[in-house]
Every structure is written in structure tokens, then in C-alpha cells.
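Q: My structure is below; once you've seen it, I'll send some questions.
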Amino acid sequence: MTALRLLRGDAPRALSDSEGTAAWLQREGRVLKQDPYSLVALVELGGELHYAKYYRPKNMIQRLQFRFGGGRGVAAFDNAVALAALGIEVPAPQACALMPDGVLLLTEAIIDGQDLKHLWVEGLKPARLQQLMAHAGAVLATLHEAGYSHGDAKWSNFLVRQSSMYLVDLEAVCPAGPSSGHCVRDVARFTLNAEDMGLAPEYYAAFLEAYAEDRCVPARDIEVRMQPLLDKLRARHLRKYGERGHRLV
5 MTALRLLRGD
15 APRALSDSEG
25 TAAWLQREGR
35 VLKQDPYSLV
45 ALVELGGELH
55 YAKYYRPKNM
65 IQRLQFRFGG
75 GRGVAAFDNA
85 VALAALGIEV
95 PAPQACALMP
105 DGVLLLTEAI
115 IDGQDLKHLW
125 VEGLKPARLQ
135 QLMAHAGAVL
145 ATLHEAGYSH
155 GDAKWSNFLV
165 RQSSMYLVDL
175 EAVCPAGPSS
185 GHCVRDVARF
195 TLNAEDMGLA
205 PEYYAAFLEA
215 YAEDRCVPAR
225 DIEVRMQPLL
235 DKLRARHLRK
245 YGERGHRLV
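Remember, my numbering sits 4 above the position in the sequence shown when you count from 1.
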């Protein structure tokens, strides 16, 4: 790829090719997911495996934003640096580069990890499920107590590796006061996923109680605060997917 410009970190020497970024990732890497405006792959560069996320501009405004060193990839890199400095576990950011056709973000590849949604679908023993729900509540509470919200706290953005739980997809992370509506929305988003998955109430309680304990806030107060946001998320989810799961709050 020619005419790349390093925006953050250190780009591997092997990050160079003459074809488009998406085509290069499809040829050289293992594609994990893609949509019209992004592609995620595991790719080996300089003998090291990386998690690569390519961002294609959605419109001219984003194209200009990318060109001037902004956009989702740069935000994800900077947010990862900020959270890691606070002791919050995230995949280590490695590089962010402006390519001729978009922005490419490289981070640590946690190849032996699985996200919470994947683990649920595969099946978990009750004790392990209880532990993971409580762990997720503690992780989210730590993030909020540190003064940040995630912005998309769905299950697939909690990555589990052994005893660690990482937050991923950090583009929408933003500073937020501990009682901010952004933090409440994170809890509502996690709850919506739990309802959609049909999580039993006792396991959801493990999440909410761990979160409430670490925030020093009664669980009932959290439920009351998130109810209006949760209702909006439910309505949107219903229009998109139809009736699924059951209500937990």
C-alpha cells in the first residue's frame, strides 16, 4: 500500500502494498467480520500477529476527518491508551495509519480469548456463568468510576481470556461523570443483551449486584435510573429483530 501516513504508534515495515486495504487484509489475513464500512482481520506483520480493523469513510465529511488525523480508528487508539493508563484491561494499541482508502488500526491480537456472547452461545457451567457476569459488572463499574463510559457495552465487547476480561471496540468511549447518563446507558445496553439472550434472573443479578457494590449505589436505584433508556433500547430492538428473550428489569 502506498502513501500511508502513520497517525499513532509504530507501523510494522510489512505494512505496505499496492492494492486496496480491504483486499490486502482479505489476502494476507483471516477475516473475522466485515460490513460496508469496516473489516476486521487477524494479520501477520513482521512475524507478529495483529488484530487489524480497517475503517472505510462513510461520506466526504469522514474522508476529510480521516485526512486530518481524526475519526474512529484514532479515537479507538487514543481511548485504549487512556484506559490502559488507568489500569483497565484493553488490547494493547500498536498503530493507527491513514491509508489511501481509509484508516487502519492495529492492536494486540488476543487469539486465545473469546467474547462473552460467544461463550454464552457455546454453553457455560452455572458457576462459570455466575463468575463471568459478576466480573463483567465489576469491569463496567471500574470503567465508570474511572470517569469513562464505553458507548456500546454489548456482550461481544467483553473479551475473556483466562482470568482476565478486556474491553474492546473502543471507538465510542468518552469521558463521563460517575452518575452520567452515558454510564447508565452502558448498563442498559448490557441488560438489553442479557434479556435478548434469555439470561436467567439469578445470573443477571450477579452482574447488577457486582456493579452496584463497586459503585456503592443500591441496585434498585440503578434499575430505576436505567428504565427509560432500557425501554427505548427495547423498542428499537423489537422493531429490528422482533420479540426475543424475556425482561429482567
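Don't be surprised by glycine CBs; every beta carbon is placed ideally from N, CA and C. The model shown is predicted, which means the values in this text are computed figures rather than measured ones.
Identify every residue that forms a DSSP beta bridge with Leu48.
A: Within the sequence shown, residue 48 is the residue found at index 44, counting from 1. Strictly speaking, residue 48 in this sequence is Glu, with Leu absent from that position. DSSP output for Glu48 lists Leu53 as bridge partner(s).
Q: Is there contact here, the region 108-123 with the region 49-60, by at least three beta-carbon pairs under 8 angstroms?
A: Output reads yes: the region 49-60 touches the region 108-123.
Q: Would you mind stating whether Leu123 and Val172 have Cβ atoms separated by less than 8 angstroms?
A: Counting from 1 along the sequence shown, the entry for residue 123 is found at position 119. Counting from 1 along the sequence shown, the entry for residue 172 is found at position 168. Going by C-beta atoms, Leu123 is not nearer than 8 angstroms to Val172.
Q: Taking just the CA atoms, how far does Leu8 sit from Pro104?
A: If you number the sequence shown from 1, residue 104 lands on position 100. If you number the sequence shown from 1, residue 8 lands on position 4. For Pro104 and Leu8, the distance between alpha carbons rounds to 6 angstroms.
Q: Do Val44 and Leu36 count as a contact pair if the criterion is CB distance below 8 angstroms?
A: For the purposes of this step, residue 36 is identified with residue 32 of the sequence shown, where counting begins at 1. For the purposes of this step, residue 44 is identified with residue 40 of the sequence shown, where counting begins at 1. Yes; because the gap between Cβ atoms is below 8 angstroms, this pair is in contact.
Q: Only counting runs of 4 or more residues, tell me where the alpha helix (DSSP H) segments fall wholly within the region 73-112, in order along the chain.
A: List check, alpha helix (DSSP H) in window: 76-89.
Q: Per DSSP, Ser168 is paired with what?
A: Counting from one through the sequence shown, the residue named residue 168 turns up at place 164. Note: Ser168 sits in a beta bridge opposite Arg165.
Q: Identify the continuous alpha helix (DSSP H) that holds Lys236 and give its terminal residues.
A: Along the sequence shown, read from residue 1 onward, the residue named residue 236 stands at position 232. Unbroken alpha helix (DSSP H) run through Lys236: Ala223 to Tyr245.
Q: Give the straight-line distance between the Cα atoms of Met5 and Phe72, rounded to the nearest whole angstrom.
A: On the sequence shown, position 1 is the one that residue 5 refers to. On the sequence shown, position 68 is the one that residue 72 refers to. The pLDDT assigned to Met5 is 43, lower than 50, so where the model puts this residue is not dependable, and the model offers no usable value.
Q: Does the structure place the region 138-154 close enough to the region 94-104 that three or more beta carbon pairs sit under 8 angstroms?
A: Between the region 94-104 and the region 138-154 there are fewer than three C-beta pairs closer than 8 angstroms, too few to call the two in contact.
Q: Which runs of the alpha helix (DSSP H) fall wholly inside the region 126-212 and span at least 4 residues, in chain order?
A: 130-149 and 185-201
Q: Does DSSP put Leu252 in a helix, a strand or coil?
A: For the purposes of this step, residue 252 is taken as the residue at position 248 of the sequence shown. Three-state DSSP puts Leu252 in coil, outside helix and strand.
Q: How far does the beta strand (DSSP E) with Arg34 in it extend, from its first residue to its last?
A: Numbered from 1 along the sequence shown, position 30 holds the residue referred to as residue 34. Taken as a continuous stretch (DSSP letters only), the beta strand (DSSP E) holding Arg34 covers Gly33 to Asp39.
Q: Cβ of Leu174 within 8 angstroms of Cβ of Ala80?
A: To locate residue 174, count along the sequence shown from 1; it is residue 170. To locate residue 80, count along the sequence shown from 1; it is residue 76. The answer is yes: Cβ separation under 8 angstroms.
Q: Which stretch, first to last residue, makes up the alpha helix (DSSP H) that contains Leu68?
A: Along the sequence shown, one-based indexing puts residue 68 at 64. Segment Met64 to Arg71, the alpha helix (DSSP H) holding Leu68.
Q: Counting Cβ pairs closer than 8 angstroms, one from the region 209-217 and one from the region 126-145, do we hit at least three?
A: yes
Q: Once you ignore the five residues that flank Gln231 on each side, which residues in its own chain have a CB closer than 8 angstroms to its CB?
A: By one-based count along the sequence shown, residue 231 stands at place 227. Closer than 8 angstroms at Cβ, skipping near neighbours: Val253.
Q: Hey, Asp218 and Ser160 are a contact pair by Cβ (cut 8 angstroms); roughly how many whole angstroms apart?
A: Translated into positions along the sequence shown, residue 218 becomes position 214. Translated into positions along the sequence shown, residue 160 becomes position 156. The pair is not a contact, with the Cβ atoms about 22 angstroms apart (cut-off 8 angstroms).
Q: In terms of alpha-carbon separation, which member of Thr195, Glu199 and Gly246 lies closest to Arg229?
A: In the sequence shown, counting from the first residue as 1, residue 229 sits at position 225. Among Thr195, Glu199 and Gly246, the Cα nearest to that of Arg229 is on Thr195.
Q: Pick from Asp156, Ser167, Ala209 and Phe162: whose alpha carbon is nearest that of Arg189?
A: Mapped onto the sequence shown, residue 189 falls at position 185. Nearest of Asp156, Ser167, Ala209 and Phe162 to Arg189, Cα basis: Asp156.
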